[in-house]
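For what it's worth, my numbering labels the leading residue of the sequence shown as 19, then goes sequentially. Where is the CB? At the ideal position from N, CA and C, for every residue including glycine. Encoded as C-alpha cells, the structure appears first; notes follow it.
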Amino acid sequence: MIRILLFSIFATLICQTHIAKANDRINELDSIFRLHADSTIIFTGSIPFNTAPENILIISKKGDTISLFSYRYAMREIPSYEGVSRSLADYISRTKYSRRGSVVGPFFEVHPISEKKGKRLWSALMQHHPWQLKDNAILGTGCPIKPKVTKDKDGNTIEEYKGRNMESHSYNVRLVTKTDSKKLSYFAPEDLQKECPPEEDRQHIISIKRLLLRSFGKNSIFE
C-alpha cells in the first residue's frame, strides 16, 4: 500500500512538472506573438499520464499576412545513436535536442502557406468566433447522468445509473492580441457533445481543431 501511495505521489509530481513546463512554453509563445503579430491562436492538447507527443499549433495574423507555426516534441523521435556508448549517446541527445532555453529552438517549425490559403483559413476560423467562446469555466466539464428506468416483475420502478466512458483529454487554447490574451480550456468536448445536451461553444472548438489539424496535415493533436 505504501509503495502504491508513493508511486501515485511521484507520478502526480511528474505530471504537475510536465504541465508547468508546458505552460511556460505557452507563456513564452504568448509574449513572442504579442510582440510580432496582431492576432494569434495557439492550440494544444493534454492527456494526464500519457506519453503522446507534445504538439502546439499556431496561426498568426500580421496585417494581411497569415502564418503557421508549430512546436513538436516526441521523445521516441530523438535519435538513439546506435554504436555510440550509452553515456555519450545520452549526452549528445540531451545537448543537441535540449528543451531548455527558448521555445524557438530545434522543435519549433515555420510552415509555409500561400496568401490565398492563409486568408481562407483565417476567415474559416473567424466564423467560429474564437474570441467570444465560453469554456469549461462557464460550460462545466459534465452533465447530470440520466438513469435507465425499468420495471421489475412486481411493477416496481428501477433506476439504473451507468457511468460514462469519457476520454480524459483536454484542448487548451491561448488567444493573443497586441494588448491581451485569453485562455480557453475544454475537457473531452467530443464526448460531452454526445453524452450531454450539445453546446454551441464546444462544437465551435471542435470545428476550430479540425480546421487546424487539416491545415497542418495531422489527424490528431496527440499524434
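With DSSP as the reference, identify every bridge partner of Gly63, one or two as the case may be.
Numbered from 1 along the sequence shown, position 45 holds the residue referred to as residue 63. Paired residues: Tyr189.
Out of Arg220, Thr197, Pro215, which has the shortest C-alpha to C-alpha gap to Leu53?
In the sequence shown, the residue the question calls residue 53 occupies position 35. Nearest option by C-alpha distance: Thr197.
Assign Arg192 to one of two classes, buried (16 or more other C-beta atoms within 10 Å of its C-beta) or exposed (fewer than that).
To locate residue 192, count along the sequence shown from 1; it is residue 174. With 16 or more other Cβ atoms within 10 Å, it is buried.
Would a C-beta distance cut-off of 8 Å place Phe234 and Leu75 closer than the cut-off?
In the sequence shown, residue 234 corresponds to position 216, counting from 1. In the sequence shown, residue 75 corresponds to position 57, counting from 1. Yes, Cβ-Cβ distance for Phe234 and Leu75 is below 8 Å.
Helix, strand or coil for Lys227? Go by DSSP, reduced to three states.
Sequence index remark: in the sequence shown, residue 227 carries index 209 (1-based). The answer is helix: DSSP assigns Lys227 an H, G or I state.
Using 8 Å as the threshold, is the region 136 to 148 in touch with the region 95 to 110, meaning 3 or more CB pairs across them?
Touching, no, given that fewer than three Cβ pairs across the two stretches are closer than 8 Å.
For my contact list, Leu230 and Ile110 are in at a C-beta cut-off of 8 Å; report their separation, rounded to the angstrom.
The count along the sequence shown starts at 1 and reaches residue 230 at position 212. The count along the sequence shown starts at 1 and reaches residue 110 at position 92. Leu230 to Ile110, Cβ: 33 Å. No contact.
Alpha carbon to alpha carbon, how far is Gly181 from Lys134?
Locating residue 181 in the sequence shown gives position 163, where the first residue counts as 1. Locating residue 134 in the sequence shown gives position 116, where the first residue counts as 1. Unreliable positioning characterises Gly181 in this predicted model, as indicated by a pLDDT of 48, which lies under 50. A coordinate reading is not provided.
Smallest Cα separation from Asn73: which of Ile156, Ser225, Ser199, Tyr189?
Your numbering for residue 73 matches position 55 in the sequence shown. Of the listed residues, the one whose Cα sits closest to Asn73 is Tyr189.
Counting only runs of 3+ residues fully inside the region 87 to 163, write out the beta strand (DSSP E) ranges in chain order.
Counting whole runs of 3 or more residues, the region 87 to 163 contains the beta strand (DSSP E) stretches 126 to 129.
How many Å lie between Lys236 and Lys171 at the Cα?
To locate residue 236, count along the sequence shown from 1; it is residue 218. To locate residue 171, count along the sequence shown from 1; it is residue 153. Rounded to the nearest angstrom, the two C-alpha atoms are 53 Å apart.
Flag Ser141 as yes if its beta-carbon sits less than 8 Å from any beta-carbon of chain C, otherwise no.
Of the protein chains in the structure, only one exists, and it is not chain C.
Report buried or exposed for Gly158, applying the criterion of at least 16 other Cβ atoms within 10 angstroms of its Cβ.
Residue 158 sits at position 140 when you count from the first residue of the sequence shown. Per the 10 Å Cβ criterion, exposed.
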